[in-house]
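Visitor: Below is the structure I would like to discuss, written out as structure tokens.
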Amino acid sequence: MKRICVFSLLVLVLSLSVVGCSKATGIKEDNMPANGIIRISPSSLFEGDAKKLEPHLGLLSGCVKVKYSGPKKYINTAYEIWEDGKMKKSSAPLSTSIEKNYDGEVSVSLKNESTDDIKQVYRLTVAANSASSSGIVPEIVFPDGGRSPRNIDKVIEISDDKEIAVWGYVVQKDMVILNEESIEESAKKASLAFVFKISMSDKVLK
């Protein structure tokens, strides 16, 4: 019986990874944005019946819906790690090719794969345009303290020559939960923060 339950859970998780993150609720979707503008809308990796699986999977996750009709050919994802108000590390971007009039979703998750309490090991998974990438992020060592995921809560339109933070996870040692206006402002005031960003480009970034 236990094996059947575990198998069923795995099937549901795989189904979620294929379908991608669900559409945002309470947001009225318009047509494609103006040329050269990225429209980013809130979304969620788990909604409806899938919501009950979220606490069982041990994921820190974020998801946004992206619409774009400009000349750029790639959507890029990258992360930053902030410590005590300063950026400690910026990852190399992951570039994924897109078609004109892109209407899709970008999701990110962190999963704790530590085997003991001494060494923290987190697996980062990023999905964009039906492509995904996964790997270990050794630089993350979340201290004890107040923890809070940071998601965008409104539709954002931004020029395609800009990079924008769409999800974050912040930790404050003094147990104060930060609630700044922007994800980046929260990162600057946190003891430690993981910030996930997206951007557009004409070529593969390295």
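Residue numbering for the sequence shown follows this note's numbering, starting at 15 and increasing by one per position.
Using N, Cα and C, we set each Cβ at its ideal position, and we do this for glycine too.
Model, not experiment: these values are computed from the prediction.
#1: DSSP on A141, reduced to helix/strand/coil?
#2: Output the distance between the C-alpha atoms of P107 and D188, rounded to the nearest integer angstrom.
#3: Could you tell me the boundaries of the beta strand (DSSP E) in which I178 lies?
#4: For V3, count the other beta carbons within 10 Å of its own beta carbon; 16 or more makes it buried, fewer makes it exposed. Which is it?
#5: Would you mind listing the beta strand (DSSP E) stretches within the stretch 45-116 that are 3+ residues and don't spill past its ends, in chain order?
#6: Just to confirm, is the Cβ distance from Y88 to L138 under 9 Å?
#7: In whole angstroms, give me the CA-to-CA distance for A179 and S128.
#8: If I follow the unbroken beta strand (DSSP E) through A201, where does it start and stop?
#9: Quick check on E171: buried or exposed, where buried means 16 or more other Cβ atoms within 10 Å of its Cβ?
#10: First and last residue of the beta strand (DSSP E) that includes G160?
#11: Report buried or exposed for A38, applying the criterion of at least 16 other Cβ atoms within 10 angstroms of its Cβ.
#12: Let me check understanding here. Comparing Cα to Cα, which of K202, M214, G182, S196 lies closest to F208?
#13: I need the boundaries of the beta strand (DSSP E) containing L206, first residue and last residue.
#14: Measuring CA to CA, which of G99, K102, V120 is closest to S109?
#15: Looking only at its chain, what residues have a beta carbon closer than 6 Å to the beta carbon of E198, apart from the 5 residues adjacent to it on each side?
#16: Please name the residue, chosen from V140, S83, I95, R53, that lies closest to G76 on a Cα-to-Cα basis.
#17: Three or more beta-carbon pairs under 8 Å between the stretch 79-88 and the stretch 99-106, yes or no?
#18: What do you reckon, are the CB atoms on F156 and V185 nearer than 9 Å?
#19: Out of curiosity, what's the CA-to-CA distance linking D216 and P85?
#20: What number of angstroms, rounded off, separates the C-alpha of E221 from the C-alpha of K202?
#21: Rounded to the nearest angstrom, how far is the Cβ of D175 from that of I51, given a contact under 8 Å?
Guide: Taking the definition as stated:
#1: strand
#2: 32 Å
#3: 178-186
#4: The chain is shown from 15 up to 220; residue 3 falls before or after that span and cannot be answered.
#5: 51-56, 73-82, 88-97, 100-104, 108-111
#6: no
#7: 27 Å
#8: A201 -> not in any beta strand (DSSP E); alpha helix (DSSP H) instead, spanning 197-203.
#9: exposed
#10: 160-165
#11: Confidence at A38 is low in this model, with a pLDDT of 40, below 50, so the placement of that residue should be treated as unreliable; the coordinate-derived value is given next. Buried, by the Cβ-count rule.
#12: G182
#13: 206-215
#14: V120
#15: A179
#16: V140
#17: no
#18: yes
#19: 8 Å
#20: The structure shown has nothing for residue 221, since the chain only spans 15 to 220.
#21: At roughly 11 Å, the Cβ-Cβ gap does not stay under 8 Å, so D175 and I51 are not in contact.
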